[in-house]
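S.K.: Just so you know, we're using UniProt numbering here: the sequence shown kicks off at 1 and counts up by one.
The C-beta atom is built at its ideal place from N, Cα and C for all residues, glycine as well.
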Amino acid sequence: MSPALPTSKNCSTILTYLRLTVPSCYLLADRKILDMKQSLWFLAVSVFRKLRPALLGGLTLSASLQGFAGTVSAGAQTALQFGSIAFGQTAVLPLTITNVGVTGNVTIGTSVNGPSYKVLKTNANTCLAGITAGQSCVLPVEFTPATLGIHDDILTLTPSHGAAPSTVKLRGIATGVGDEENVPLQFGTIPYGTKTILPVTITNVGHSYTVLKTSINGPSYKVVSDPESTCFSGVSAPYSCILQIEFDPAAVGEHDDILTLIPDKGPRSTISLHGAAGPAVTYSNPVKGDIYVFDGNELVEIFDEYGVYKGQFTHDDFTDHRLGNIAVDATGVYTKANGPACQIDRFDGKGNYIGQIGLCPAADFGQLGYGYLYLLSGAVSTDSRGNVWATNPVLGVQEFNASGTFLNVICTTFNASEEISNCPVVGIENVPEYITIDSNDNVYLLGESSVTKYDNTGKYLSGFFLRAGSGNGEFNDIPRGFAVDSGGDLYILDYDGNRIQVLDADGNYQRQIKFGVINGQLLRSSFGFTLDDRDNIYVTDAINGKVDIFTGQGVYLCQFKPPVPPGDTSFFLAAIAIAK
């Protein structure tokens, strides 16, 4: 027999999916509560029957639902499948939405996380006025693919009245032959009378072997027929080919034209072509000093300020081809030494060897006591005082005078504070790959994912993180070079993106200098660049063995090419520096 309960007391139990309150346990057997499903009704009756023998008076039974909340959703339809449609066409599918237990008239907000889908606000949309509990309505969802290929996005339904949101997957495929990225081909500004070539990748999505024809609606662009253009023989799905587009401006000014792709199977598609022609440029007397180029034949080539070859020199240690391993000022030429690896080689302006800077593990380190303090990572730069700065992947960056005396260390890595007392990392951690110094002797360090700035005493001034990706202001690979111009903008060599990106001091994207075909040769493998005192950009072309020169805005000026050393048919240009 069940135990008795005192009169005027409450009894309660937990019903897993519903919360309800009844005025008396005796009433529970005689009425239905709200819109309970029958299974919950029998469960409630069962609870009452177990408690009834103990009830002496009016008691309250509280049954709690834990985890249930009303919502608005597509029910069991968790995905909307559009299948395949031709790029340039549109498809619309209905999505039925039901109000499950939300009281009042509920309106539904919608959002999609991609550009290819949208919910239409037409007469076919019966959800605009809202729906009450138990009612359904239809949302017409339109698929207008923004690019070729698969489009997997998410439609989020956000009901009013504080109800929980729900999601529906959207999936569709756009078939055709064209540029999957569907972005304009940007040629930038070039001097009138010159020309340049850029490649565009064409992909076949969903069609069998296709032969491709092209047309352009203006006189300044043409598709070049050369070995780099691989689309003329056709392309099969799901493969890609390359079209080489030449920009040869017909006049000074802007040139915005359309390239139309005409496959023998599937719809036509278009690519926007943007370029501009400026006045012809005369290039002369750009810098104050000679130009030094480090190449892969263990040579430093010397050119005068006009790019005229003057000579070359070599040294036993010239085996490191990194960008940051050469710097030049009035006190001499400095390069990273490989033997021993803890030192910097110093030469005079003509290439005569003077000696080395830096201490090695066998030397006396004084009170610091750490040999790898001087294990330099190879990036060197000089300031206006004639001091030499070199990066260290363990600590950060060290400063020496021209005689090789150690002056200071800026600790930028978390390892530094563990190795040197009273040398904390301030600001963003940076394991430096490259270094540059501005006209005020502020020191900038570029790491794999961050940029930091210090004054010449080592005080942290600012910093920011680099963003991963292939868009503007983003980098997919470790940057390969670094410089700062007279206005404080930062130039970073984006090797993977085949460009130099220009950011402001806070890391905001400003512009880019995109490499392409210049005078018939493709500039695609650059491992070094520098700026002159007018902010012109000198870019080494590693594969073609030349130096291309641009303005700070990316206008091509000219090029010069070192002579091929005797016995070699080609060589690998890397680092470049200009005497200050």
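Since I believe Gly463 is in contact with Lys453 (beta carbons under 8 Å), could you give me their beta-carbon distance rounded to a whole number of angstroms?
M.R.: 6 Å
S.K.: DSSP three-state call for Ser240: helix, strand or coil?
M.R.: strand
S.K.: What residues in its chain sit with their C-beta under 7 Å from that of Gly130, if we drop five residues either side in the sequence?
M.R.: Asn105, Val106, Thr107
S.K.: Could you tell me how far apart the beta carbons of Ile245 and Val200 are, in whole angstroms, since I believe they sit closer than 8 Å?
M.R.: Right, their Cβ atoms sit about 6 Å apart.
S.K.: Is there contact between the segment 130-146 and the segment 86-104, where contact requires at least three CB pairs shorter than 8 Å?
M.R.: yes
S.K.: Just to confirm the assignment: which complete beta strand (DSSP E) runs, minimum length 3, are found wholly within the segment 422-487?
M.R.: Annotation note: the segment 422-487 contains the following uninterrupted beta strand (DSSP E) runs of length 3 or greater, listed N- to C-terminal: 432-437, 443-447, 450-454, 460-465, 482-484.
S.K.: Taking Ala174 as the reference, give the member of Ile197, His207, Pro191 with the closest Cα.
M.R.: His207
S.K.: Where does Asn415 sit, in a helix, a strand or coil, going by DSSP?
M.R.: helix
S.K.: Cα separation between Tyr460 and Val451?
M.R.: 12 Å
S.K.: Between the segment 491-509 and the segment 166-180, do at least 3 Cβ pairs fall closer than 8 Å?
M.R.: no
S.K.: From Ile576 to Thr382, what distance separates their C-alpha atoms?
M.R.: 14 Å
S.K.: Which residue marks the beginning of the beta strand (DSSP E) containing Gly278, and which one marks its end?
M.R.: 269-278
S.K.: Leaving out five residues on either side along the sequence, give the residues of the same chain with a beta carbon under 7 Å from the beta carbon of Lys561.
M.R.: Only Gly545, Lys546 meet the Cβ criterion.
S.K.: Thinking C-beta only, is Ala251 closer than 8 Å to Ala276?
M.R.: no
S.K.: Within the continuous beta strand (DSSP E) that includes Thr175, where are the two ends?
M.R.: Looking at the DSSP string, the run of the beta strand (DSSP E) that includes Thr175 is 166-178.
S.K.: Using CA atoms only, rank isn't needed, just tell me which of Gly497, Val484, Ile492, Tyr491 is closest to Asn476.
M.R.: Gly497
S.K.: Alpha carbon to alpha carbon, how far is Leu157 from Leu531? Give it in angstroms, no decimals.
M.R.: Leu157 has its alpha-carbon roughly 52 Å from the corresponding atom of Leu531.
S.K.: So, helix, strand or coil for Gly130, using DSSP?
M.R.: coil
S.K.: Mind checking which residues open and close the beta strand (DSSP E) that includes Ser381?
M.R.: Residues 380-382.
S.K.: Where does Pro145 fall in DSSP's three states?
M.R.: When DSSP states are grouped into helix, strand and coil, Pro145 belongs to the coil group.
S.K.: Under the rule that 16 or more other beta-carbon atoms within 10 Å means buried, what is Leu466, buried or exposed?
M.R.: By the 10 Å Cβ count, Leu466 comes out buried.
S.K.: In the DSSP assignment, find the beta strand (DSSP E) that holds Lys310 and state where it starts and stops.
M.R.: 309-314
S.K.: Exposed or buried, what is Phe515 when buried is set at 16 or more other beta-carbons lying within 10 Å of its beta-carbon?
M.R.: buried
S.K.: Figure out for me which residue from Gly311, Ile357, Ser384, Gln343 has the closest Cα to the Cα of Gly349.
M.R.: Gly311
S.K.: Under the DSSP definition of a beta bridge, which residues are partnered with Cys231?
M.R.: Answer is none; Cys231 lacks a bridge partner.
S.K.: Pull up the DSSP beta-bridge partners for Ala91, would you.
M.R.: Phe143
S.K.: With H, G and I counted as helix, E and B as strand and the rest as coil, what does DSSP make of Ile420?
M.R.: coil
S.K.: Going straight from the alpha carbon of Ser421 to that of Tyr434, what length do you get?
M.R.: 25 Å
S.K.: From which residue to which residue does the beta strand (DSSP E) around Asn204 run?
M.R.: 196-205
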